[in-house]
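To start, the structure under review is shown below, and the notes come after it.
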Amino acid sequence: MSMHAEQHDTRDREFLSSKLRSLLGVVHEKLVFNRRVGVLIGKISALISTRDSILDVGTGDGQIAKSICDRADGDLVTGIDIMLRKRVHIPVDLFDGITIPKSDNSVDVVTFVDVLHHTDDPSVLIKEAARVAKGSVVIKDHLAENWFDHLTLRAMDWVGNAPHGVVLPYNYASKAQWETWFKEAGLVIDVMDTDVPLYPFPLSLVFGRKLHFVARLTPVSET
Numbered sequence: 000m001s002m003h004a005e006q007h008d009t010r011d012r013e014f015l016s017s018k019l020r021s022l023l024g025v026v027h028e029k030l031v032f033n034r035r036v037g038v039l040i041g042k043i044s045a046l047i048s049t050r051d052s053i054l055d056v057g058t059g060d061g062q063i064a065k066s067i068c069d070r071a072d073g074d075l076v077t078g079i080d081i082m083l084r085k086r087v088h089i090p091v092d093l094f095d096g097i098t099i100p101k102s103d104n105s106v107d108v109v110t111f112v113d114v115l116h117h118t119d120d121p122s123v124l125i126k127e128a129a130r131v132a133k134g135s136v137v138i139k140d141h142l143a144e145n146w147f148d149h150l151t152l153r154a155m156d157w158v159g160n161a162p163h164g165v166v167l168p169y170n171y172a173s174k175a176q177w178e179t180w181f182k183e184a185g186l187v188i189d190v191m192d193t194d195v196p197l198y199p200f201p202l203s204l205v206f207g208r209k210l211h212f213v214a215r216l217t218p219v220s221e222t
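Numbering-wise (numbering that gives the first Met the number 0), the sequence shown opens with residue 0 and increments by one.
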C-alpha cells in the first residue's frame with residue numbers, strides 16, 4: 000500500500016471512530032445520562048444535611064453538584080477540577096489532581112461523583128478529602144469483584160466518556176480495597192448503598208448488578 004493510500008485509510012478510520020464516538024454519546028445521553036443524573040442527585044442529596052457546605056472534587060461544569068446542593072438545601076457548593084470549563088454552574092477552582100486546595104476541616108462535606116476511578120491512586124484524594132471535610136465524605140463510584148465486573152465497567156466507561164475525551168485508566172476496586180482506603184484515611188462507612196438504579200431494564204441486567212455504590216463516610220473519632 001502506498002503512503003498516500005495509508006494516509007487516506009488512516010483518515011477514514013479516524014473519521015469513522017469520531018462518528019462512532021459521537022453516535023454513542025447521543026445514544027448514551029438519551030438512554031442513560033438523564034436518568035443517571037436524576038438518580039445520583041436523589042441518592043447523594045439524601046446523605047447531605049441541610050445547610051451543609053459542599054466541595055465537589057472533579058466537578059466538571061458543576062451542574063450535578065449544584066443540583067445536589069439545591070435538593071439538599073445546602074448552604075454553599077464549590078468545585079475543583081484539573082481543567083476549567085468555559086461554562087460552569089458553580090464556582091470552580093483549578094487544582095493539580097492530588098492536593099485539595101483547602102485548609103483542614105474547612106467544609107462540611109466533600110463529594111466525589113464517578114471521579115476516583117479516573118485517578119491513578121484513589122487513596123490519595125480520599126485522604127485529602129478526610130483532611131478537608133469536618134463532617135463527611137460522600138462517594139459515588141464502582142465495585143469490581145471479578146474480571147467480568149471489570150470488563151463491564153470498562154465498557155460503560157468507554158461509552159459514557161470516550162465521546163468527551165476523558166482519560167480512562169479503568170482503575171476499579173473491590174469493596175475490600177475501598178474499605179482499606181477508607182481505613183487508611185481515618186474514615187468509616189456510615190452508609191453504603193448499592194441499590195443505585197442508573198440503567199433502565201433490560202440494560203440493568205448487565206450494567207446494574209450492584210456495580211455502583213453511593214457511600215457516606217465519617218471520621219473514625221465521630222462514630
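For each residue, glycine too, the CB sits at the ideal point set by N, CA and C.
Computed from a predicted structure; not experimentally measured.
Own chain partners of residue i with C-beta closer than 8 Å, once the 5 adjacent residues on each side are dropped
i: valine 137; result: Ile43, Leu46, Ile47, Val108, Val109, Thr110, Phe111, Val213, Ala214, Arg215, Leu216
i: threonine 193; result: Leu142, Lys209, His211, Phe212
Residue i in three-state terms, based on DSSP
i: serine 44; result: helix
i: histidine 88; result: coil
i: alanine 172; result: coil
i: valine 106; result: strand
i: valine 219; result: helix
i: alanine 212; result: Per the sequence presented here, residue 212 reads as phenylalanine, with alanine not at that position. Reduced to three states, the DSSP call for phenylalanine 212 is strand.
i: threonine 49; result: coil
i: leucine 54; result: strand
i: threonine 77; result: strand
i: leucine 167; result: coil
i: leucine 152; result: helix
i: leucine 93; result: strand
i: glycine 37; result: helix
i: isoleucine 99; result: coil
i: alanine 64; result: helix
Own chain residues within Cβ distance below 6 Å of residue i, not counting five before or after
i: threonine 49; result: Asp72
C-beta atoms of residue i and residue j nearer than 7 Å
i: valine 76; j: cysteine 68; result: yes
i: arginine 35; j: leucine 152; result: no
i: glutamate 144; j: serine 122; result: no
i: leucine 167; j: valine 106; result: no
i: alanine 132; j: alanine 184; result: no
i: histidine 141; j: leucine 210; result: yes
Beta-carbon contacts of residue i that lie in its chain and below 7 Å, excluding the five residues immediately before and after
i: valine 26; result: Residue confidence for valine 26 is low, a pLDDT of 47 falling below 50, so the modelled location carries little weight and cannot support an answer.
i: tryptophan 180; result: Pro121, Ser122, Ile125
i: aspartate 74; result: Arg50, Asp51, Ser52
i: leucine 39; result: Ile63, Val112, Lys139
Those residues which DSSP pairs with residue i across a bridge
i: methionine 82; result: DSSP lists no partner for methionine 82.
i: aspartate 192; result: Val213
i: valine 187; result: Thr217
Closer than 6 Å: residue i CB and nearest the ligand MG heavy atom
i: asparagine 170; result: Among the components of this structure there are no ligands whatsoever, and the ligand MG is therefore not found.
Mind listing, in chain order, the continuous beta strand (DSSP E) runs of no fewer than 3 residues lying wholly within the segment 111 to 147?
-> 132 to 141
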